[in-house]
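Student: FYI, in the working numbering the residues of the sequence shown are -13 to 414.
Sharing a structure below in structure tokens format, with a few things to ask.
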Amino acid sequence: MTTTLEPVRRTVSPGGLRIVTESLPAVRSAAFGIWAGVGSRDEGEVHVGATHYLEHLLFKGTSRRTALDISAAIDAVGGELNAFTGKEYTCYYARVLDADLPLAIDVVSDMVTSSLISPQDVDAERGVILEEIAMNDDDPSDVVHEAFAAQLFGDTPLGRPILGTVDSINRITRDEIAEHYAARYRPENLVVAVAGNVDHDGIVNLVRQAFGSVLGDAAPEPPRLAGPGAPLAAPGVRLVSRRTEQANVVLGTNALARNDERRFALGVLNAALGGGMSSRLFQEVRERRGLAYSVYSFVSQHADSGVFGVYAGCLPAKTDEVLAICRDEIENVLASGLTEPELERGKGQMRGSTVLGLEDPSSRMSRLGKSELVYPRLEPVEDILAKIEAVTQDDVREVAALVLSKPKVLAVVGPFDEDADFSAAIAS
């Protein structure tokens, strides 16, 4: 079955594999990605860390190619080959010249469908992943965001690190990883997304050849593990004591799910509160008082929940003052909303980031893949811009009252005693 929304076209192949392309005739390159509808939140207790582990292992070889063959094939044409794992999806992608797209399709499809997952590779990559965990653990800004998620969502798949833990990586076996691979990397759970100077029908033929016998009768898609809904799992403070020169803090709460139409108003609010150099937090914390180099607010969405947060990095002695300012600015928005200039700047920032983020084939490919996996449909950019423009002061006040009034969670990483008290920052 093929559907058309020029220049975007979509075909569902036998077995349920979805192929979505966007033609960009003005470029000479193409971005090819295979998106798997599996992320770290889909892991049961026995598979914690398996999704990211697979991201490593799929580069290690197939019956047709060694690990060197895989990397050398793309290097030889000056292309880029990489992957990433998120909470709710995984992507393997390549960017090449349009003439070299058949090669990229063959290589990436071979990796995703025919990985050997040999015991030797599992053992070798175990050490690499433990090094990656150690590297993240050495970065306080990474640690504080993981501590925030753990406090917000508790001991649930959304609250756990995408990489897994040292214990889970040391414990997991080759057979458990292979079991996760077989269950999740099925055609009905995969999306092929391509953007660039491409022909849809040609792409469909090349993908079907590359997937070969993997395409067959569709099996039921594995159910997504139930994640937390709106209520906070563990309101409170999580302190990670580290002898760092700087304190890192994240203050926030649950927000909106991915398909909640109020997300556009929340995006405008986020932009005005802490999304840029003209935002309230940047102006008050950094420009006026010089208390931090980095301070910002952020939002993220999941299938059934979301996150709003404020991050700052500051001298340990200034932590209480910075947190008090962040609380005050949140309370000010709750009490008085945004000014008209702030509302317009927030809209403009969202419009600009939306359009500027779609200026190359790789970002277009990502939009196609994510939309097919996690949204009801691929929403035209014009519709998104119209929804941003339609946000009113009343919309912002409503979403602020809904999100910012919730009980807060605070994560702190810095040189503090374990009994340090930061409870004032989340007091009602």
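Glycine included, each C-beta is placed from N, C-alpha and C at the ideal position.
Note that the coordinates shown come from a computational prediction; the quantities given were computed from them, not determined experimentally.
Here's the rule I'm using: 16 or more other beta-carbon atoms within 10 Å means buried, otherwise exposed. How should E270 be labelled?
Tutor: With 16 or more Cβ atoms within 10 Å of its Cβ, E270 is classed as buried.
Student: Expressed to the nearest angstrom, what Euclidean distance is found between the alpha-carbon atoms of I189 and E165?
Tutor: 30 Å
Student: With a CB to CB cut of under 6 Å and the five nearest residues on each side skipped, what residues in its chain are close to P0?
Tutor: L201
Student: Ordered along the chain, which non-local residues of its own chain (more than five positions away) have a Cβ less than 8 Å from that of D123?
Tutor: V129
Student: Quick check: what's the CA-CA separation for Q137 versus T230?
Tutor: Q137 and T230 have their C-alpha atoms some 21 Å from each other.
Student: Under 8 Å from any heavy atom of the ligand GDP, does the C-beta of G30 make it?
Tutor: Among the ligands in the structure shown, none appear at all, so the ligand GDP cannot be discussed.
Student: Alpha carbon to alpha carbon, how far is V293 from I316?
Tutor: 15 Å
Student: With DSSP as the reference, identify every bridge partner of G222, one or two as the case may be.
Tutor: V395
Student: With burial defined as no fewer than 16 other Cβ atoms inside 10 Å of the residue's Cβ, what is the status of G343: buried or exposed?
Tutor: G343 should be labelled exposed.
Student: Using the three-state DSSP reduction, which class does S95 fall into: helix, strand or coil?
Tutor: helix
Student: Taking only runs of the alpha helix (DSSP H) that begin and end inside the segment 14 to 53, which ones reach a length of at least 4 residues, in chain order?
Tutor: 36 to 43
Student: With DSSP as the reference, please indicate the residues paired to I5 in a beta bridge.
Tutor: T(-3), V178
Student: Can you list, in chain order, the residues of its chain whose CB lies under 6 Å from that of L324, leaving out five sequence neighbours each side?
Tutor: A258, V382
Student: Start and end of the beta strand (DSSP E) containing Q287?
Tutor: 278 to 287
Student: When you compare each of M263, L116, E368 to A36 by their alpha carbons, which one comes out closest?
Tutor: L116
Student: Less than 6 Å between C-beta atoms, sequence neighbours within five positions excluded: which residues of the same chain meet that for A90?
Tutor: F18, A80, V82
Student: When the Cα atoms are used, what is the spatial distance from S101 to R249?
Tutor: If you take the alpha carbons of S101 and R249, they lie about 39 Å apart.
Student: For T305, which residues from the same chain have a beta carbon less than 6 Å from its beta carbon, with the 5 sequence-adjacent residues on both sides left out?
Tutor: If you ignore the 5 residues before and after T305, its C-beta comes within less than 6 Å of the C-beta of A233, all in its own chain and listed in chain order.
Student: In angstroms with no decimal places, state the Cα-to-Cα distance between L354 and V6.
Tutor: 7 Å
Student: Spell out the partners DSSP gives Y444 in its beta bridges.
Tutor: Examination of residue 444 is not possible in this model, given that the chain is present from -13 through 414 alone.
Student: If you follow the alpha helix (DSSP H) that T305 is part of, which residue opens it and which one closes it?
Tutor: 305 to 322 is the extent of the alpha helix (DSSP H) around T305.
Student: Considering T76, what are the terminal residues of the beta strand (DSSP E) in which it resides?
Tutor: 76 to 83
Student: Considering only the alpha carbon of each residue, which of V319, A376, A413 lies closest to G260?
Tutor: Per the Cα distances, V319.
Student: Could you tell me the alpha carbon to alpha carbon distance between V226 and A278, rounded to whole angstroms?
Tutor: 20 Å
Student: A53: which of R146, C300, E162, E111 sits nearest, CA to CA?
Tutor: E111
Student: What did DSSP end up calling V236 once you bin it into helix, strand or coil?
Tutor: Correct three-state label for V236: strand.
Student: Tell me which residues share the same chain as A69 and place their Cβ nearer than 8 Å to its Cβ, disregarding the 5 neighbours each side in the sequence.
Tutor: Non-local C-beta neighbours of A69 in its own chain, meaning closer than 8 Å and more than five positions away in sequence, comprise E41, L44, F45, T76, C77, Y78, Y79, ordered along the chain.
Student: Could you check what DSSP says for L242 in three-state terms: helix, strand or coil?
Tutor: coil
Student: How big is the Cα-Cα spacing for K373 and V93?
Tutor: 39 Å
Student: Should V281 and F268 be called a contact, given that it needs their Cβ atoms to be closer than 9 Å?
Tutor: yes
Student: Can you give the beta carbon distance from S409 to V223, rounded, assuming they're within the 8 Å contact cut?
Tutor: 6 Å
Student: How should P401 be labelled, buried or exposed, when 16 other C-beta atoms within 10 angstroms of its C-beta is the threshold for buried?
Tutor: exposed
Student: Who are the Cβ neighbours of L359 in its own chain at under 6 Å, not counting the five residues just before and after it?
Tutor: Once the five neighbours on either side are set aside, the close Cβ partners of L359 are W21, G23, Y75, V177.
Student: Alpha carbon to alpha carbon, how far is K356 from D405?
Tutor: Taking the Cα positions, K356 is about 43 Å away from D405.
Student: With a threshold of 16 other CB atoms inside 10 Å of the CB of M336, please say whether the residue is buried or exposed.
Tutor: buried
Student: For F70, does the three-state DSSP call read helix, strand or coil?
Tutor: Shown here, F70 sits in a strand according to DSSP, grouped into three states.
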